[in-house]
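Heads up: the sequence shown at position 139 corresponds to 139 in full-length UniProt numbering, and the numbers run straight through without jumps. Reading through the C-alpha cells given below for one structure.
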Amino acid sequence: MDDLPHYAALESLRDGRALEIRALRPDDRNGLLAVVDHASEESLYRRFFGARHRFTDAEIRFFLNVDFSTHVALVAVAEEGGERGIVGGGRYVLTRPGEAELAFFVVDALQGKGIGAVLMRHLIAIAQGSGLRALTAEVLPENTPMLKLFERCGLPQSRRREGSVVHVALRLPGGAPP
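The structure is reproduced here in C-alpha cells:
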C-alpha cells in the first residue's frame with residue numbers, strides 16, 4: 001500500500017452501475033461540498049450528529065488534507081442524474097497506535113445500493129495492509145443501515161452503548177480484540 005494517494009479500483013453497484021473507488025484528492029473540494037449541499041437533514045444528522053450544510057474553512061481543510069498514513073480517505077464516483085461525480089466517501093483517522101476511527105457518507109439517492117459496503121471493504125484492506133489492529137466508529141442508535149453494514153462486514157466486533165451513541169469496534173485479522 002505504498003501508493004495510497006493514487007489508489008483506484010473499479011467496482012459495480014448492486015444495480016450494475018459502474019463505481020470507481022479512488023483516493024480523495026485536493027481538487028475534490030467542490031465535489032465534496034456539492035454532496036453535502038444536496039444531502040438530506042437526516043443523512044447529515046446521521047453522519048455529523050447534527051444537521052449542517054456549512055463547514056468552517058478549518059473543517060474543510062481537515063476533510064481534504066489527508067496524508068494516507070494517519071488519515072485515509074476514499075471517494076466513490078459514479079454517474080448520477082446524467083453526470084459523473086462523487087456519490088459517497090469513507091475515511092479513517094488514527095486515534096491511537098494500531099486503531100482508527102471510521103466514517104462514511106453516501107448521497108441519499110444511492111443509499112442502499114452497496115456503496116458503503118464497497119467503501120468498507122476497501123478501507124478494511126488498506127487498514128489491514130497498514131498494520132492496523134482495529135477500526136472503531138461512533139454511530140447513532142437509530143442509524144440502522146450503518147449498524148447493519150458493520151454487522152455484515154465479516155469482522156469480529158464489539159458494541160457498547162455510551163450515552164446517545166453506539167461505540168462499534170471491529171477487529172482486523174491478526175489484531176488484538178477491540
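Where is the CB? At the ideal position from N, CA and C, for every residue including glycine.
| Check | Outcome |
| --- | --- |
| Going along the chain, which unbroken runs of the alpha helix (DSSP H) with 4 or more residues stay wholly within the UniProt domain "N-acetyltransferase" (19-175)? | 29-37, 41-48, 57-64, 115-129 and 144-152 |
| Which of the three DSSP states is assigned to leucine 13 in this structure? | coil |
| Comparing C-alpha positions only, which one of Gly89, Ser130 and Asp67 sits nearest to proline 5? | Asp67 |
| Quick one: residues in its chain with C-beta nearer than 8 Å to the C-beta of glycine 131, no 5 flanking neighbours on either side, listed in chain order? | Gly98 |
| For glycine 114, is the classification buried or exposed, using 16 other Cβ atoms within 10 angstroms of its Cβ as the cut-off for buried? | buried |
| Which whole-angstrom value is the C-beta distance of arginine 91 and alanine 117, which I expect to be below 8 Å? | Incorrect: roughly 16 Å between the Cβ atoms, too far for contact. |
| Within the chosen definition, does the segment 137-149 reach the segment 161-177 through at least 3 CB pairs nearer than 8 Å? | yes |
| So the candidates are Arg14, Thr70 and Ala18; which of them puts its Cα closest to the Cα of alanine 100? | Thr70 |
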